[in-house]
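Engineer: Residue numbers (this note's numbering), protein chains in the order written: chain A, 1 to 319; chain B, 1 to 319; chain C, 1 to 319; chain D, 1 to 319.
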C-alpha cells in the first residue's frame, strides 16, 4: 500500500482581509502600535505587511460597517499546483469562482469553507519592493527592521470560529492539502478545536467552535516576532498605548506558542506570538489529540483560559 | 511554460554520523554540555538527540582513529518519494547502494556528493519513545525539557567543505531536490559558499570551499535552541566547562543566524544557533547572492570572520 | 532644616531560615529544581545559596514539624553600624538579644517585628569559597554558573504577612533604616502592602496584610535570575518537574518585577523574578502609593491577582 | 580597630555633558536611534534622558568645535553630604568652585580629577515631570516606555581616559567616597584600568589608560537596557540606521557587562549595556584584580579586544 505523502500544492498562508468599522483607529493600531508597514491603498482598503513579509501585503484592512474577516488568501506553489487545487475544490462543490486579484496578487480562485468563510488561492504575487528609506542593511530580508512599535516580523496564522469543527477538519485537507497537527476532542466526541498547516510551520490556521449560532466569524490573526522577549516587550507597548490586553503573555499547551492577545480598536482580536525553534518536520506527523480534561487544565504553565476567549469573535454575535 | 515547483521528496535532514578519536570526552560533551540525550548504542557508536528531535537519533557518534563526518542522513517524505530520489541519483551515477540501516532507521540508499561525502536517504524511521523519567509534561513534544547543559532542542543543519562548491550547487538540487537559498560568488565567478534547503527552513546544509586539497571534510553541525538568549546562555556554559569557543555569539549576515561556534573535545566544530521566526515560505524564492566585497564586511554587526573559520575542518588537513 | 539622608547601616538582606516538614523533598527542590548549591549542614539544617551569592548561605533550610520562616538575617555595613542598629532596636524595646551565629556568620543580634517575625543583624560573615569543581571561569563571580535547574543567581527579597502593615511601616525604617519605596493604601486608609529597601534594590522585603488572625507568617522568598527569559525557562523547568505553579510568569504593577510563583514541596511559596535594569538611585525617592482601585486592576498587563495569593501563607492558618 | 564603612555621601552618577561638532546629527542619533527624550534646551545645549531616568537630564549635549566630555555630574545624598564632600575636595586642593547649575539642577561644586576632567556634585535637582503624552501607564516609572529606537532606560556609567590610572584610583575614593570594584594591574605594576562605584551598581565610572599624551579625554558613556536581548535588538537598530558599530555585542570579562559599542555621528563612543541581576551588595567587597595575562585572553567568551578600543577617544589625539 502506498504511504501517504504530504501535499505541497499550497505554499503558505498569504493574507487576511480584515473588516473594521473604525478604520482610522484600526490603521493607527496596525501601523504605529503593531508596527506593520503600509504598501498601498485602493478604494476602502489599506494594504499592510510585517517587515519580513515578502509579499505586497499580508493584511488588507478594509473599512466597513462591521468587523471580522472578509477573506483569507493562500499562495499556491505553482500555477500547476493552483490548477490542481481549483479542480479539487470544484469537485468538492465548494467553489465560488475566479477573482481578478487586487494590488497584492494576480488571479485568485475563491471558495467557501463549510462555515461560510471566504478563501482564495492564487499563485501570481506582487513582491514587496522596499522603497528608498525602507531598504534593509542585509539584502536577505524584505524590508529594514524599522523598530516601530511591536515591529511584527511576518504573518503567522489565523483562527476562525465554526459551528462544526469536524466538518472543517474533513474539508481543509481535501481543499488545501492541509495536514492536521493538533486537535481537541471533547468527551462527547465532537471537536472543539483543530490546527492545520500546509508547510513546516506547526499551523497556519486554526478553527475553534463558535458557541453562538452565527457563521463565518473571526477569532484572531497572529503576527510572529523573533523571541518571547519580543512578546513581553509588545505587552509593554500595548499597555503604554492603551490597547486592551485580553490575556497573556503565556505559553499555550496546544502548539506551545508563546502568546499575547489584544483587541484592535474595532474589536478584532490580534495575537503576537513566538514559537521558538519548533517546526513540524516529520512527513508522517501524527496529530496530537487533547482531551476535554487536558484542556481544562488551562495553558501550559497553569493560566486558566479566559472566558472571553471562548465567546468573543468578530463580528459580534450577541455574546 | 510551466512554472517550476519545489520538490518535496525529501522531508528533512535526519542525522549526522560524526567520528571522534576521543570518544569518552566527546560523549561527555554532547550529553552533559550540549545537553543531548542518549537513545542507544551499538558497536562503536552512541546514538544521541535533542529533546525535541522526534527520531531515534540525530547524531551518531562513532569512535574512530580520526575525526570528521562518516555520513549524513536525510529522511524522505514517503516510500514513493524515496524511490524517486533513488532513481534520480542512480541516473546521475552517484549511487553507492542500499544499506540495511541501523538502530535509528530502516533501509537507506547511500550515495556520494562530488566531493566524496557519503549521504543516505531513508523513509522508515524509529521514532523516539520517551522512557519513564523522560516523558514530557506536554504531549506535543518528544521528550521532557530536561534543562541539562545547553539543552539543545533539535538538529538544525550541517556545513561541509568542498573543493568545488559549484559542482555541489549543481548536484544537490538534482539529488535531493534541494533549493538554493543563498550563495557567495567571488569576483572571479567561483562560488565560495552555498546554502541549501529541502523544506521551509532557510537551510539544512551549507557548503563552503575547502582551501586545502583534501576532500570529504566536515566544517560543523548545528543544533537549534529557542532563542538568542539560549545561545548566550550556551556561551556561559561552554566557558564554565572549558570548551573552546571559536567565535560568537554574533549574527551572520548570510542567513542571519545567531551563532556560536565551539570545538568538541576531538576537534569537530559544533554550532549552537537560533534563527528567530525566519522561514523561507516563498515557493519561488530567488537565491540571495553575496559578492566578495559584501562578504569582506564580516558578520552582520561587523565582527570580522575569524581566520580559523576558513581553515579549520575535520579531519585535519595540514592546516 | 537638614535634609534627611538614607541610612546605610544595614548593607543588604542576608538570608532566610525556612522551615519544612518535608525536608528531603524540599531539599531536592531547592538543589535540583531551583538550582541552589549546598554549602554545609548542621543539626536539622542545610545551608544553601545561589551561584552568585557571596556569603556562605542565603537560605537555611531547617527540618521541622511545620513550615514558614524561622528567622530573617540582614548584614550590617560594619561593626559600628551594627552597634548603632542594636542600640536603636534596644531603645525601641524590640530586642531579643545576641545569638552566637551559625555556620554562615558570626554574632547576630536578634529582634522581633511587631507581627512577631524574628530577625537578626550581623556583620561578620563567612564568605563562600568555591571548592574545586565549583570555581568560576571568571574570577568576579562567587561560583561557576553550573546551569543546574533554574540556576537562580542570588537571593532577592522576601515577603511576610502581618496583621498590621502600618505598624511595620513605622517599625522598619527605625529598626533597619529601611526606606519605603512603594505601598498600597486602601480606601479606608489602612495599608494593604508595603515595600522596603536598605540599599539600591527597589525592595528587599515586603509585607502584605494577613487576612487570618495568625501572626508571624511567611508569604514567599524570591531568588533573582538575570533575565525575563530565565523566568520563562524556569516555568518550563517547574512544569517538567511537577512543581505547583501558582501564578505567572507576568509583570507586577507594583515594583514592575517579572514574577513566577511556585510552592516548594512543603508548601512554602517561592518566587523566581527579574527586575531588569530598574534600581532606586534617588536618595530622596518618594514612596509610590497605589490606591485600592489601582490594585483592583490586577497585574501590569491585566492578569487578575490569583485568590490564593491573598490567602496562602505558611504555616497554614485554617485558610 | 574599627571596620571601614562604605561612604554614601554621593548617591549616584547624575549626568554627562558631551561635546559635539555635529550637533544636528548627534541629536538625531540620541533621540531617534538611541531613543532618549529631550526635556529642554538652552544656549548651545539640548538636555536628554532615558525613559526611566528620574532627573531632568542625564545627557547634556552641547554644540562645540570639538568632541569629548565637558563635565560629569554626581548627585549627593543630601545637602549635608554635599557639604562634607566639598570640604573633602577642597582639602585635597582639587576644587574649582561653585556653579549656579543649569536647567537640570541647583548649585554644583566643581572640581578636577588628576587628569583634568571636570566634575561637579550637587544635591538640588529638577525632577523630570512627564508632560501629557509621555505619562507612563504605571506610576512607578518616570516616563512611558515609548519604544522609539533602542529605547535606553537610564544612564549607567561612563569611562574616561587618563594618563595615570593609579592617581585616579587614589583620588576617587577620597573625593567621591567611591569604592573600587575591579582593576587591571599590568606586569610592571601600573594600573591599566580601574572601576569605581558610589552605590550598589558594580560601577558608575571607569578609567583606562590613555596611550596618547593628551589629558582629559573621554572614552564612552553607557546607557542601560533591561536585557541582553535589548542589546541585540539595539545592534539591529544601529545596523539599519548606518551607525558605526565598533565591537560587540559580547560579554566583558571585567564586570561581566553585556556590551555594544558604537560611535555617535561626531565620533564620541556610546555603549548600550546590560548587567543582568549583578549587584555589589557586600559592604566589604574586595576589588577584583585582573593581571595582564588574564586581560590578554580578551572578553568573556574569547572575543579579542578590538584595537580601536585602546586608541579611540574624544577629542581625537592624533590617534
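Don't be surprised by glycine CBs; every beta carbon is placed ideally from N, CA and C.
So which residues of chain D does residue 85(C) contact, with C-beta pairs closer than 7 Å?
Structural biologist: Per Cβ cutoff of 7 Å: no residues; residue 85(C) is ~13 Å from chain D at best.
Engineer: On the DSSP letters alone, give me the boundaries of the beta strand (DSSP E) that residue 181(B) sits inside.
Structural biologist: 179-185
Engineer: From this set, 238(D), 192(D), 207(D), 176(D), which residue's C-alpha is nearest residue 12(D)'s C-alpha?
Structural biologist: 176(D)
Engineer: With 16 other CB atoms within 10 Å as the buried threshold, where does residue 51(C) fall?
Structural biologist: With 16 or more Cβ atoms within 10 Å of its Cβ, residue 51(C) is classed as buried.
Engineer: Give the interface partners of residue 137(A) over in chain D, defined as CB-CB distance under 7 Å, in chain order.
Structural biologist: 239, 240
Engineer: Checking 8 Å against the spacing of the C-beta atoms, do residue 274(B) and residue 227(B) come in under that value?
Structural biologist: yes
Engineer: Please tell me whether residue 77(A) and residue 9(A) are closer than 8 Å, where the distance is taken between their beta carbons.
Structural biologist: yes
Engineer: Cutting at 8 Å between CB atoms, please list the residues of its own chain near residue 21(A), excluding the five before and the five after it.
Structural biologist: Only 63, 64, 65, 66, 67, 266 meet the Cβ criterion.
Engineer: Spell out the partners DSSP gives residue 154(A) in its beta bridges.
Structural biologist: 224(A)
Engineer: Measuring alpha carbon to alpha carbon, tell me which residue in 39(B), 31(B), 110(B) is nearest residue 70(B).
Structural biologist: Closest by alpha carbon: 110(B).
Engineer: What residues of chain C sit near residue 145(B), judged by a beta carbon separation below 9 Å?
Structural biologist: 233, 236, 237, 239, 240
Engineer: Within 10 angstroms of the Cβ of residue 222(D), are there 16 or more other Cβ atoms? Answer buried if so, exposed if not.
Structural biologist: In this structure residue 222(D) is buried. Its beta-carbon is surrounded by 16 or more other beta-carbon atoms within 10 angstroms.
Engineer: Is the separation between the beta-carbon of residue 313(D) and that of residue 209(D) shorter than 8 Å?
Structural biologist: With respect to residue 209(D), residue 313(D) sits apart: the two C-beta atoms are not nearer than 8 Å.
Engineer: Which residues in chain B have a C-beta closer than 7 Å to the C-beta of residue 229(C)? List them in chain order.
Structural biologist: 227, 229
Engineer: In the DSSP output, what is residue 45(C) paired with across the bridge?
Structural biologist: Per DSSP, 42(C), 62(C).
Engineer: According to DSSP, residue 18(D) sits in a beta bridge with which residue or residues?
Structural biologist: 61(D), 69(D).
Engineer: Counting only C-beta atoms, is residue 319(A) closer than 8 Å to chain B at any point?
Structural biologist: Any reading at residue 319(A) needs caution, since the residue's pLDDT is 48, under 50, leaving its predicted position unreliable; the model's value is listed next. Chain B, which has no Cβ nearer than 8 Å to the Cβ of residue 319(A), makes this no.
Engineer: Would the segment 37-46 of chain A and the segment 106-124 of chain A be scored as touching if the rule is three or more Cβ pairs under 8 Å?
Structural biologist: no
Engineer: Who are the Cβ neighbours of residue 301(B) in its own chain at under 8 Å, not counting the five residues just before and after it?
Structural biologist: If we look at residue 301(B) and ignore the five residues flanking it on each side, its Cβ neighbours are 250, 251.
Engineer: Hey, could you find the ends of the beta strand (DSSP E) residue 28(D) is sitting in?
Structural biologist: Careful: residue 28(D) lies outside any beta strand (DSSP E), inside the alpha helix (DSSP H) at 23-28.
Engineer: Using C-beta distances below 7 Å, list every residue in its chain close to residue 1(A), excluding the 5 sequence neighbours before and after it, in chain order.
Structural biologist: Residue confidence for residue 1(A) is low, a pLDDT of 45 falling below 50, so the modelled location carries little weight; the figure read from the coordinates is stated next. Around residue 1(A): no qualifying Cβ.
Engineer: Can you pull the chain A neighbours of residue 255(B), defined as C-beta to C-beta under 9 Å?
Structural biologist: 140
Engineer: Which value, in whole angstroms, describes the spacing of the CA atoms of residue 276(A) and residue 225(A)?
Structural biologist: 10 Å
Engineer: On a Cα-Cα basis, can you pick out the residue from 297(C), 243(C), 57(C), 117(C) that is closest to residue 26(C)?
Structural biologist: 243(C)
Engineer: Among the candidates 193(C), 16(C), 278(C), whose CA atom is the shortest distance from the CA of residue 289(C)?
Structural biologist: 193(C)
Engineer: Does the Cβ-Cβ distance between residue 72(B) and residue 115(B) come in under 8 Å?
Structural biologist: Not in contact: residue 72(B) and residue 115(B) (Cβ atoms no closer than 8 Å).
Engineer: On the CB-based measure, 16 or more other CB atoms within 10 Å of its CB, does residue 201(D) come out buried or exposed?
Structural biologist: The residue in question, residue 201(D), is buried, as its Cβ has 16 or more Cβ neighbours within 10 Å.
Engineer: Using a 10 Å radius around the Cβ and a threshold of 16 neighbouring Cβ atoms, would you call residue 131(C) buried or exposed?
Structural biologist: exposed
Engineer: Given this structure, state the Cα-to-Cα distance separating residue 319(D) from residue 311(D), to the nearest angstrom.
Structural biologist: Low local confidence applies: a pLDDT of 48 at residue 319(D) is under 50, so the model's placement there is unreliable, with the coordinate-based value given in what follows. Straight-line Cα distance between these residues: approximately 6 Å.
Engineer: As an exercise, report each continuous alpha helix (DSSP H) stretch of at least 4 residues that is fully enclosed by the segment 197-257 of chain C, in chain order.
Structural biologist: 228-240
Engineer: Within 10 Å of its beta-carbon, does residue 248(B) have 16 or more other beta-carbons around it, so buried, or fewer, so exposed?
Structural biologist: buried
Engineer: Round the Cβ separation of residue 145(A) and residue 236(D) to the nearest angstrom and send it over; I've been treating them as touching at under 8 Å.
Structural biologist: 5 Å
Engineer: Just verifying my parser: in three-state terms, what is the DSSP assignment at residue 168(C)?
Structural biologist: helix
Engineer: So, is residue 282(D) buried or exposed, given that buried needs 16 or more other C-beta atoms within 10 angstroms?
Structural biologist: buried
Engineer: Buried or exposed for residue 154(D), going by 16 or more other Cβ atoms inside 10 Å?
Structural biologist: buried
Engineer: Could you tell me whether the Cβ of residue 199(A) comes closer than 8 Å to any Cβ of chain B?
Structural biologist: yes
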